[in-house]
Each structure stands twice: as structure tokens, then as C-alpha cells.
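Peer 1: The structure's right below; bear with me while I get my questions together.
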Amino acid sequence: MTRSTATSRATATGRTSSSATTPACSASSTTSPASTPDGGAARREQHQSPTRGRREQRMAKIVEVTPFKVGVQVENITGRPGRTGGGMVIVRIRTDDGLEGYGEGTLAHKTRAVFGAVEDFAEYLVGQDDSLIERHWQVLYRNSFQRGGVIMMTAQSAIDQALWDIAGKRFGVPVWQLMGGAVRDRILLYTHPGGWDRDVVVEHSLARVEEGYRALKLTIRPAPEMIRDTPLVEASYELVAAVREAVGDDVKLMLDCHGKLSPSIAIELGHALEPLDLLFLEEPVPPRNVEAMLLVRNAVSVPLATGERMYNRWDFRTTIESQAVSVLQPDLGHAGGISETRRIAAAGETYFMGVAPHNPRGPGVTMASLQIAACTPNFIIQESAIPPGSSETWDAMLVEPLTITDGYVDLPRAPGIGIQFDESLAERFPWDGSDTSHPTVADGGVGDW
């Protein structure tokens, strides 16, 4: 088991005796608040003091912040043989009144870096009031001259999830109820068929539909450099067309390009796909090149989506204001957690953009994303890469199992986010290090993932 714990060196309960707060007005008082020189202030004090006293009495403090490295284990998925080794970072936060909250900060090839960032953040968090979620978000983000970046934001995301998890457990409600309640009765999910060979993808797609999914995201064949030739367009069209024919018109389809296309090829592909009724075309060009994305958007009718490689509202700002895409895809595991993902969604709503949160992560990010899905008006669909029942690691961390019915899951009902964690999982499924292989191009140069 790999773990690290930061704990308070001093005993601090965060409790204040009830005698420490004196009511502003008692039964024996003969002076009316209105008769004092500042009657309004007295009335405010009369109403505020008891509340403040109760707040001081129930305030709990963070006593431990512990990151764990856990190997990802997947099995029983058609086309996806059992595997272990992908690293999750699970963060546990404990309070002095016995509550525990959990969050996930999974970042491929950067597991140790995220683990270390959580340890750095723990030095501030231990001893703090766990309920001040927004204050802690601001401190973790702003208390550094070098702000943001995917490593720090992934660590901050996990911490934010864990703090919201504690808040939900403290009040005995799912997190979405703390955010104003649900705006829908159920949540639409999509998953991945897996593979690139046309016949194999068709087989896997039919298997996913049999499992209950009604939305699938396909992907272009991996390439180590930008794609500038037409054969890719033909192959991608044939792939999507074959799946569409197999699953029918009632299943929603998406295509992920991983930002690998030149604008001209993206436009050619977009035109070819128009008759196949895609929900969206994901990252047709590199995501931070807004001008290139606008070229594609203005030339095709297929809705475009992007956002998984943007890590806060400022990263999204230009894309939103230019309306370069129709669908935003913040990844709650990288984009500042529940707190920031909700702000990103709200910013997109002002431009009539939908939100389809990105998520090929583990159970922590999945369940946290469902909290956002429940209460976000412009939510469209939620990505969930691992089907229920296909991973022992996943199933052990879910408080309530996910059941897909006609493409949807019910709103989460467990208090907090809806995950649990036993340290023995880190021992049973150890993380065995990052994959250091990398793509190369034809001349031996370094390629892109």
C-alpha cells in the first residue's frame, strides 16, 4: 500500500464552550434595541449572536489529509482484456468529529506528481475548518505565483471532491442537494466501444447497447502527428456509418479526434459525417487553437466539443466567448473539482452551450460528475468509461451500484459523493508505475499521444 498522511501536531478540537457566547438580549433586559443609539445594529446583533455561537460549537477541523496510489483493475469488458497498473490517486480527508471525505485525482503518467502535490496542499489544510470549501479552493489556487497547471489542478480537484463529500455526509444528503437540488430525474451516460477495426468496433458497440447504453463515443485511429490526408476521412466515415447501421438511429454517437486533425481535414471529415447525425465531434483540432476551431465550426453543421485539456474557467474563457464549440467538456478530475466545474458550466450556459463532462477516470470522478449532472441546467450527457460490474476496484468504491436502464442512471442518493474507500484496496491492487513508452513518427522523431 502506498500512502502518505499529514496530521495536525497540536490537539485542536475547534469547539467553543456555549458560555463563550452571550446573547445580545435576555429576558431580563429592559432596554429595547430600537431605543439604543444604533437600534438597527443591536437588532442585528440580537439575531446573529445565537447563530454564531452554534456555528462555533459545531465547527470541525481537518486533522488528516492522506493520498493513496491505487492500481486500476478492469475485467469482463468485451474487447478490453483484464488489466492492472493504471494509477489512481485517492485522497482521504478526516475531521476531528469523525467524518471522512474522499476524492480522486487521477492523471496518466503523473501519478507521483499529483500524490506530491496533495502532500503540499495538506500542510495548509490540516487544522482548517472543513466547511470553508470555497475559501480553501481560493487559497490552494491563488496562494502561489505559479498558478494552475494540470498537476496542481488535479490535486486540487481531488481535495475539492473530498471536502464536498464531507459536507454532504455532515448533512446526510447527496452533494447535488447542497447545490440547490436536482433539475432532472435521471442522468444520460455514454461509454466507449473500444478498438479501431471496423468489425471489432461494431461488435463492441452492440455489446455496450446490450448492457443498457444508448450513447457511444468512437475514436479515430491513433496517429503520432497531425493528420493531413484524406484516407483518414474515408476510414472514419466508414467506421461511424457501420456502427450507425448496426445500432440504429436511437443510439447517440460521437467521434473523438483527440485534436489530431488539420483544419482542412477536420472540415472535410465534418462534411462527410453530417448525414450520420452525431451528437458531437470532439476535439477535431488542437483544443487551445481557438482560431482553428472557429474555422471548423463555421464550415460544418456537426456540433463541436472540447474542454478536457482546459483546467479552469480562465482556460475556457476564450473558447466560450468566441462560441468556438457547442459543447463544453470540463473534466472534473482536472478542472478544479466540483466547485470549478460548476462555474465553467454556468459560464457556458450564458452562451447557450451544453456541457458534457469528460471522464475516462475512476469511480471518484464519476460519482462527483454525477452530482454536477444532477443540478446543472445545461448538462447534456456524462462520459463513463468503465461499465458497471466490470471492475472489482470500482465496485468496491461505490456506496450504491450504478444501474443503467435505457441509457440512464438514477440520481445518486448516498450522502456526499457516493464513494467509499478501504486502505486494503491499495494493497490488493498496487500501482506498478507509469508507462514510459511514447509514440514516434516515421523518421524516428517524437510524436504526440
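Whatever position you read off the sequence shown (first residue = 1), add 27 for my numbering. Heads up, the beta-carbon is just placed ideally off N, CA and C, and yes, glycines get one too.
1. Alpha carbon to alpha carbon, how far is ARG197 from VAL90?
2. Mind checking whether ILE413 and TYR129 have CB atoms under 9 angstroms apart?
3. According to the neighbour-count rule (16 or more other Cβ atoms, all chains shown, within 10 Å of its Cβ), is TRP458 buried or exposed?
4. Would you tell me roughly how many angstroms separate the C-alpha atoms of ARG440 and THR333, rounded to the nearest one?
5. Using the beta-carbon count (16 or more within 10 Å), is ARG255 buried or exposed?
6. By how many angstroms is the C-alpha of GLY221 removed from the C-alpha of SER232?
7. Go to LEU280, then tell me how far its beta strand (DSSP E) extends in each direction, as first and last residue.
8. Using 8 angstroms as the threshold, is the region 199-214 in touch with the region 246-255, meaning 3 or more CB pairs across them?
9. Let's test the definition: count the other Cβ atoms within 10 Å of the Cβ of ARG271 and tell me whether it reaches 16, buried, or not, exposed.
10. What does the alpha-carbon distance come out to for the pair THR420 and LEU322?
11. Is the beta carbon of ARG336 less than 9 angstroms from the beta carbon of ALA374?
12. Grab me the residues of GLU238's own chain with a C-beta within less than 6 angstroms of its C-beta, minus the 5 sequence neighbours each way, in chain order.
13. Nearest-angstrom Cα distance between ARG169 and GLU410?
14. Are at least three pairs of beta-carbons, each pair with one atom in the region 169-184 and one in the region 120-134, less than 8 angstroms apart?
15. Can you tell me whether TYR378 is helix, strand or coil according to DSSP?
16. Kindly list the residues whose CB is nearer than 7 angstroms to the CB of GLN398, restricted to its own chain and excluding five residues on each side of it in sequence; keep chain order.
17. Mind checking which residues open and close the alpha helix (DSSP H) that includes GLY147?
18. In terms of residues, what are the limits of the beta strand (DSSP E) holding TYR338?
19. Span of the alpha helix (DSSP H) holding LEU167?
20. Who are the Cβ neighbours of THR432 in its own chain at under 7 angstroms, not counting the five residues just before and after it?
21. With burial defined as no fewer than 16 other Cβ atoms inside 10 Å of the residue's Cβ, what is the status of PRO94: buried or exposed?
22. Applying the criterion that 16 or more other CB atoms from any shown protein chain within 10 Å of the CB defines a buried residue, is HIS136 buried or exposed?
23. Give the straight-line distance between the Cα atoms of PHE406 and MET206, rounded to the nearest whole angstrom.
24. Identify whether LEU331 lies in helix, strand or coil by the three-state DSSP scheme.
25. Going along the chain, which unbroken runs of the beta strand (DSSP E) with 3 or more residues stay wholly within the region 431-461?
26. Ordered along the chain, which non-local residues of its own chain (more than five positions away) have a Cβ less than 8 angstroms from that of LEU159?
27. I need the DSSP call for GLN100, collapsed to helix, strand or coil.
28. Report, in whole angstroms, the separation of the C-beta atoms of GLU376 and ARG340, which I expect to be a contact under 8 angstroms.
29. Considering just the uninterrupted stretch of the alpha helix (DSSP H) at GLY297, what are its terminal residues?
30. Using 10 angstroms around the beta-carbon of ARG162, count the other beta-carbons present and answer buried if the total reaches 16, otherwise exposed.
31. Of all the options TRP476, PRO428 and LEU280, which has the alpha carbon lying nearest to the alpha carbon of PRO302?
32. So, is ASP283 buried or exposed, given that buried needs 16 or more other C-beta atoms within 10 angstroms?
33. What residues in its chain sit with their C-beta under 6 angstroms from that of TRP476, if we drop five residues either side in the sequence?
34. For THR122, tell me which candidate among ALA140, PHE448, ASP156 and ALA144 has the shortest Cα-Cα distance.
Peer 2: In brief:
1. On the sequence shown, position 170 is the one that residue 197 refers to. On the sequence shown, position 63 is the one that residue 90 refers to. VAL90 has its alpha-carbon roughly 16 angstroms from the corresponding atom of ARG197.
2. Here residue 413 is taken as the residue at index 386 of the sequence shown, counted from 1. Here residue 129 is taken as the residue at index 102 of the sequence shown, counted from 1. In this structure, ILE413 lies away from TYR129, with their beta-carbon atoms at least 9 angstroms apart.
3. On the sequence shown, residue 458 is found 431 positions in, with the first residue counted as 1. TRP458 comes out buried.
4. Position 413 of the sequence shown, counted from the first residue, corresponds to residue 440. Position 306 of the sequence shown, counted from the first residue, corresponds to residue 333. Cα to Cα, ARG440 sits roughly 30 angstroms from THR333.
5. Residue mapping note: residue 255 aligns to position 228 of the sequence shown, counting from 1. By the 10 Å Cβ count, ARG255 comes out exposed.
6. For the purposes of this step, residue 232 is identified with residue 205 of the sequence shown, where counting begins at 1. For the purposes of this step, residue 221 is identified with residue 194 of the sequence shown, where counting begins at 1. Whole-angstrom Cα-Cα distance: 8 angstroms.
7. As a first step, residue 280 must be located in the sequence shown, where it is residue number 253. Taken as a continuous stretch (DSSP letters only), the beta strand (DSSP E) holding LEU280 covers 279-283.
8. The region 246-255 and the region 199-214 do not touch, with fewer than three beta-carbon pairs separated by less than 8 angstroms.
9. Along the sequence shown, one-based indexing puts residue 271 at 244. By the neighbour-count rule (16 or more Cβ atoms within 10 Å), ARG271 is buried.
10. Residue numbering aside, residue 420 sits at position 393 when the sequence shown is read from its first letter. Residue numbering aside, residue 322 sits at position 295 when the sequence shown is read from its first letter. If you draw a straight line from the Cα of THR420 to the Cα of LEU322, it comes to about 43 angstroms.
11. Sequence index remark: in the sequence shown, residue 336 carries index 309 (1-based). Sequence index remark: in the sequence shown, residue 374 carries index 347 (1-based). No.
12. Within the sequence shown, the letter at position 211 stands for residue 238. Its chain contains PRO414 as the residues whose beta carbon lies nearer than 6 angstroms to that of GLU238, once the 5 sequence neighbours on both sides are disregarded; these appear in chain order.
13. Along the sequence shown, one-based indexing puts residue 169 at 142. Along the sequence shown, one-based indexing puts residue 410 at 383. Taking C-alpha positions only, ARG169 is separated from GLU410 by approximately 30 angstroms.
14. Verdict: yes, contact present.
15. For the purposes of this step, residue 378 is taken as the residue at position 351 of the sequence shown. Looking at TYR378 - three-state DSSP - the assignment turns out to be coil, as it is neither helix nor strand.
16. Walking along the sequence shown from the start, residue 398 turns up at place 371. Cβ neighbours of GLN398 beyond the five flanking positions: PRO201, VAL202, TRP203, ILE365, PRO439 and ILE444.
17. Mapped onto the sequence shown, residue 147 falls at position 120. For clarity, residue 147 is Asp in the given sequence; the question names Gly instead. Here the alpha helix (DSSP H) through ASP147 covers 138-152.
18. As a working note, residue 338 is residue 311 in the sequence shown. The continuous stretches of beta strand (DSSP E) do not include TYR338, and DSSP gives it neither H nor E.
19. Counting from 1 along the sequence shown, the entry for residue 167 is found at position 140. Where LEU167 is concerned, the enclosing alpha helix (DSSP H) stretches over 160-169.
20. The count along the sequence shown starts at 1 and reaches residue 432 at position 405. Cβ neighbours of THR432 beyond the five flanking positions: GLY239.
21. Walking along the sequence shown from the start, residue 94 turns up at place 67. When all chains shown are included, PRO94 counts as buried.
22. Here the question's residue 136 lines up with position 109 in the sequence shown. Taking all protein chains shown into account, HIS136 has fewer than 16 neighbouring C-beta atoms within 10 Å of its C-beta and is therefore exposed.
23. In the sequence shown, counting from the first residue as 1, residue 406 sits at position 379. In the sequence shown, counting from the first residue as 1, residue 206 sits at position 179. Going from the Cα of PHE406 to the Cα of MET206 covers about 15 angstroms.
24. Position 304 of the sequence shown, counted from the first residue, corresponds to residue 331. Three-state DSSP puts LEU331 in a strand.
25. Positions of the beta strand (DSSP E) runs, each at least 3 residues long and wholly inside the region 431-461, are given as 435-437 in order along the chain.
26. Translated into positions along the sequence shown, residue 159 becomes position 132. Taken in chain order, the list of residues that qualify is empty.
27. Along the sequence shown, read from residue 1 onward, the residue named residue 100 stands at position 73. GLN100: strand per DSSP, three-state reduction.
28. On the sequence shown, position 349 is the one that residue 376 refers to. On the sequence shown, position 313 is the one that residue 340 refers to. Contact between GLU376 and ARG340 is ruled out by a C-beta separation of about 13 angstroms, above the 8 angstroms threshold.
29. In the sequence shown, residue 297 corresponds to position 270, counting from 1. Where GLY297 is concerned, the enclosing alpha helix (DSSP H) stretches over 290-300.
30. Counting from one through the sequence shown, the residue named residue 162 turns up at place 135. Residue burial is scored here from C-beta neighbours: ARG162 has fewer than 16 other C-beta atoms within 10 angstroms and is therefore classed as exposed.
31. Counting from one through the sequence shown, the residue named residue 302 turns up at place 275. Minimum Cα-Cα distance from PRO302 among the listed residues TRP476, PRO428 and LEU280 corresponds to LEU280.
32. By 1-based counting over the sequence shown, the position of residue 283 is 256. Around the beta carbon of ASP283, a 10 Å sphere encloses 16 or more other beta carbons of the protein chains shown; the residue is thus reported as buried.
33. Reading the sequence shown from its first residue, position 449 is the one you call residue 476. Here the set comprises nothing.
34. Position 95 of the sequence shown, counted from the start, is the residue given in the question as residue 122. Comparing Cα positions, the closest option is ASP156.
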